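Inspection log for the structure reproduced underneath, given as structure tokens.
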Amino acid sequence: MNTYRSFVIPFMWWLYLAGIAVPATAQSGDSMRVLTMNALYEQVLAHHPLAAQADLLARQADQELRMARGSFDPVISSKYGEKEYTGKDYYTYWNSSLRVPLWFGPELIGGFERNRGQFLNPENNTPSNGLSYAGIAIPLGQGLFTDERRATVRQAQLLPRMAEAERLKLVNKLLLDVAKDYWDWLYYYNEVRVYQEALALAEVRTTAVNERARQGDLAAIDTVEARTEALNRRVLLSQALQQYNNSKLRIEMHLWGEDNQPLALSPNVIPSAAGTELDPLSPEDLQELLSAAKANHPDLVKLDLKGQQLEVERRFAADKLKPKLNVEYNLLQSDFYMTGDAFRTPYMRENYKLGISFSQPLFLRQERGKLQLTKLKQQDVVLQQSYTVRDIENGLEIVYNEWLALEEQIALQEQMVANARVLQAGEVVKFQSGESSIFLINAREQKLLEAQIKLYDLRSKYAKTKAQLYWSAGNMQRE
Numbered sequence: 028m029n030t031y032r033s034f035v036i037p038f039m040w041w042l043y044l045a046g047i048a049v050p051a052t053a054q055s056g057d058s059m060r061v062l063t064m065n066a067l068y069e070q071v072l073a074h075h076p077l078a079a080q081a082d083l084l085a086r087q088a089d090q091e092l093r094m095a096r097g098s099f100d101p102v103i104s105s106k107y108g109e110k111e112y113t114g115k116d117y118y119t120y121w122n123s124s125l126r127v128p129l130w131f132g133p134e135l136i137g138g139f140e141r142n143r144g145q146f147l148n149p150e151n152n153t154p155s156n157g158l159s160y161a162g163i164a165i166p167l168g169q170g171l172f173t174d175e176r177r178a179t180v181r182q183a184q185l186l187p188r189m190a191e192a193e194r195l196k197l198v199n200k201l202l203l204d205v206a207k208d209y210w211d212w213l214y215y216y217n218e219v220r221v222y223q224e225a226l227a228l229a230e231v232r233t234t235a236v237n238e239r240a241r242q243g244d245l246a247a248i249d250t251v252e253a254r255t256e257a258l259n260r261r262v263l264l265s266q267a268l269q270q271y272n273n274s275k276l277r278i279e280m281h282l283w284g285e286d287n288q289p290l291a292l293s294p295n296v297i298p299s300a301a302g303t304e305l306d307p308l309s310p311e312d313l314q315e316l317l318s319a320a321k322a323n324h325p326d327l328v329k330l331d332l333k334g335q336q337l338e339v340e341r342r343f344a345a346d347k348l349k350p351k352l353n354v355e356y357n358l359l360q361s362d363f364y365m366t367g368d369a370f371r372t373p374y375m376r377e378n379y380k381l382g383i384s385f386s387q388p389l390f391l392r393q394e395r396g397k398l399q400l401t402k403l404k405q406q407d408v409v410l411q412q413s414y415t416v417r418d419i420e421n422g423l424e425i426v427y428n429e430w431l432a433l434e435e436q437i438a439l440q441e442q443m444v445a446n447a448r449v450l451q452a453g454e455v456v457k458f459q460s461g462e463s464s465i466f467l468i469n470a471r472e473q474k475l476l477e478a479q480i481k482l483y484d485l486r487s488k489y490a491k492t493k494a495q496l497y498w499s500a501g502n503m504q505r506e
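Structure representation (structure tokens):
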């Protein structure tokens, strides 16, 4: 009996220190494949539908810019009409023109018209071989320095940068969700391992206790204690496996292949602990992150670009307060082609068509209202910028404080795990000498299990905090 005690109890303790693993963790050798966080990031950025949607924003912005520039496309037009009634040729007209808008306001005009008929308006009469014209239309009041076309293009030129900021914001949110799910997966994986090892040890101890009770070395009640603890650990393992399987499903939500095909994790894929190690961040590093966030945070970039768009809109609204004063001059010549004589001063004085138009609303209520509304929108953007900067600063400070607190907690928890191991080992030694019981050994081991799981939980939170810090700074891809 003494020989059995001297062999079984030390063997049980060695078994615990060695960390017995059930088949799922026993495969952690060559047959297991590790999926790192960086590899998961690369997979997500390459094939995730939300990442692909974010990439579409830049292409949409390019097309918006193309549409805006379309307002400066040259326009060719042609109009033909005729009327004949009771054998009378009332009129026949044909007018074709080309208008070329210029960026700085004027429009170049060229065209050809040929009209005839008994009842044609005299002012529309043309030579028999037609009349060609070429000229320019110039806005001298409203539209001289800016107009709707130029304002639209200037605003559209800011859209690609706004789209990139929005893309980065969406990608940051996606990667943050991926990081949180990944570190949850690692935590539950470690929790399952701890309970697997604890259950294996409890079952070995149950077998040993049963044998010693059969030989009369232990009381029969100790077998109930050992079996109860084994059952308790089996329940805890079942709960941990449920959480682990659910965490794998959340990871699989982020796994996509080509052609938008969802992927599944292989049974032998496990997470990596790389990234949970302590990585001290100095106050200088925090200030560098804060400076980068103020310069490049997607929310601030979008607000800055929105402010620039509103400035373009304000200038356009201010220009609308001016009167409309437009001048159009066309040089005329018979036939389709212009000859060199047409551009000599005497000819230009005698063969032209000139038009001047002027208009001005008396109260300008619509124009003044539009201008004041734009200025109010600009004030709103300035207030949003101030609040967003403060929000980013505070957000980074909060996460940084959590970072420091977790570093301290992890260091303390590591000491607690080490102390719990010493206490558990001491209890085993006392049990060997007959000064302890199975109940006390189980209690010590339960404290050790709780300390280990708490340590894994803190390391998982620490990794999440690191991801949260870079998300708060506006660039998860720097992580």
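Just so we're aligned, residue 28 is where the sequence shown starts under the working numbering, counting upward by one. Beta carbons are placed, not taken as given, at the ideal position from N, Cα and C, and that holds for glycine. Note that the coordinates shown come from a computational prediction; the quantities given were computed from them, not determined experimentally.
Can you grab the Cα-Cα spacing for the pair Thr173 / Asp82, in whole Å?
As a working note, residue 173 is residue 146 in the sequence shown. As a working note, residue 82 is residue 55 in the sequence shown. If I take the Cα positions, the gap works out to 33 Å.
Are there 16 or more other CB atoms within 10 angstroms of the CB of Val455, so buried, or fewer, so exposed?
Along the sequence shown, read from residue 1 onward, the residue named residue 455 stands at position 428. So Val455 ends up on the buried side.
Give the single residue among Asn122, Gln288, Gly114 whose Cα lies nearest to the Cα of Met156.
By one-based count along the sequence shown, residue 156 stands at place 129. In the sequence as displayed, the identity of residue 156 is Asn instead of Met. Minimum Cα distance to Asn156 is reached at Asn122.
What is the DSSP secondary structure of Ser309, counted as helix, strand or coil?
By one-based count along the sequence shown, residue 309 stands at place 282. It is coil, neither helix nor strand.
Are the beta-carbon atoms of Gln405 and Arg341 separated by less than 8 Å?
Taking the sequence shown and counting its residues from 1, one reaches residue 405 at position 378. Taking the sequence shown and counting its residues from 1, one reaches residue 341 at position 314. Yes, the Cβ-Cβ distance between Gln405 and Arg341 is below 8 Å.
Reducing DSSP to helix, strand and coil, say where Gln18 ends up.
With the chain represented from 28 up to 506, any question about residue 18 goes unanswered, as that position is not in the structure.
Check this for me: beta carbons of Ser318 and Ile419, under 8 Å apart or not?
Taking the first residue of the sequence shown as position 1, residue 318 is located at position 291. Taking the first residue of the sequence shown as position 1, residue 419 is located at position 392. The answer is no: Cβ separation not under 8 Å.
With a cut-off of 8 Å, does the C-beta of Pro310 fall near any C-beta of chain C?
Looking for chain C here will not work: only one protein chain is present.
Counting C-beta neighbours from all protein chains within 10 Å, is the total for Glu462 16 or more, i.e. buried, or is it exposed?
Locating residue 462 in the sequence shown gives position 435, where the first residue counts as 1. Looking at its Cβ environment, which holds fewer than 16 other Cβ atoms inside 10 Å, Glu462 is exposed.
Buried versus exposed call for Ala438 [16 or more other C-beta atoms within 10 Å across all chains shown]
For the purposes of this step, residue 438 is identified with residue 411 of the sequence shown, where counting begins at 1. Exposed, because fewer than 16 other Cβ atoms sit within 10 Å of the Cβ of Ala438.
For Asn272 and Ser464, what's the separation of their Cα atoms in angstroms?
For the purposes of this step, residue 272 is identified with residue 245 of the sequence shown, where counting begins at 1. For the purposes of this step, residue 464 is identified with residue 437 of the sequence shown, where counting begins at 1. Each residue's alpha carbon lies about 36 Å from the other.
Based on the DSSP secondary-structure assignment, which residues constitute the bridge partners of Ala164?
Position 137 of the sequence shown, counted from the first residue, corresponds to residue 164. Glu134, Glu355.
Own chain partners of Gln442 with C-beta closer than 8 Å, once the 5 adjacent residues on each side are dropped
Along the sequence shown, one-based indexing puts residue 442 at 415. If we look at Gln442 and ignore the five residues flanking it on each side, it has no Cβ neighbours.
Can Val231 and Tyr68 be called in contact, C-beta distance under 8 Å?
In the sequence shown, the residue the question calls residue 231 occupies position 204. In the sequence shown, the residue the question calls residue 68 occupies position 41. No.
Taking Met64 as the reference, give the member of Ser299, Asn446, Leu431 with the closest Cα.
Position 37 of the sequence shown, counted from the start, is the residue given in the question as residue 64. Among Ser299, Asn446, Leu431, the Cα nearest to that of Met64 is on Ser299.
Closest residue to Glu91 among Ala73, Leu475, Gly138, Ala190 (Cα-Cα distance)
Mapped onto the sequence shown, residue 91 falls at position 64. When only C-alpha atoms are compared, the closest one is Ala190.
Could you tell me whether the Cβ atoms of Leu201 and His75 are closer together than 8 Å?
Reading the sequence shown from its first residue, position 174 is the one you call residue 201. Reading the sequence shown from its first residue, position 48 is the one you call residue 75. Cβ distance < 8 Å, so Leu201 and His75 count as in contact.
Taking a contact to mean a Cβ-Cβ separation below 8 Å, would you say Ala209 touches Asp484 in this structure?
Your numbering for residue 209 matches position 182 in the sequence shown. Your numbering for residue 484 matches position 457 in the sequence shown. It is worth fixing the name first, because residue 209 is Tyr in this sequence and not Ala. Not closer than 8 Å, so no.
Determine the burial state of Asp286: buried for a count of at least 16 other Cβ atoms within 10 Å of its Cβ, exposed for fewer.
Here residue 286 corresponds to residue number 259 of the sequence shown, with the count starting at 1. Result: exposed.
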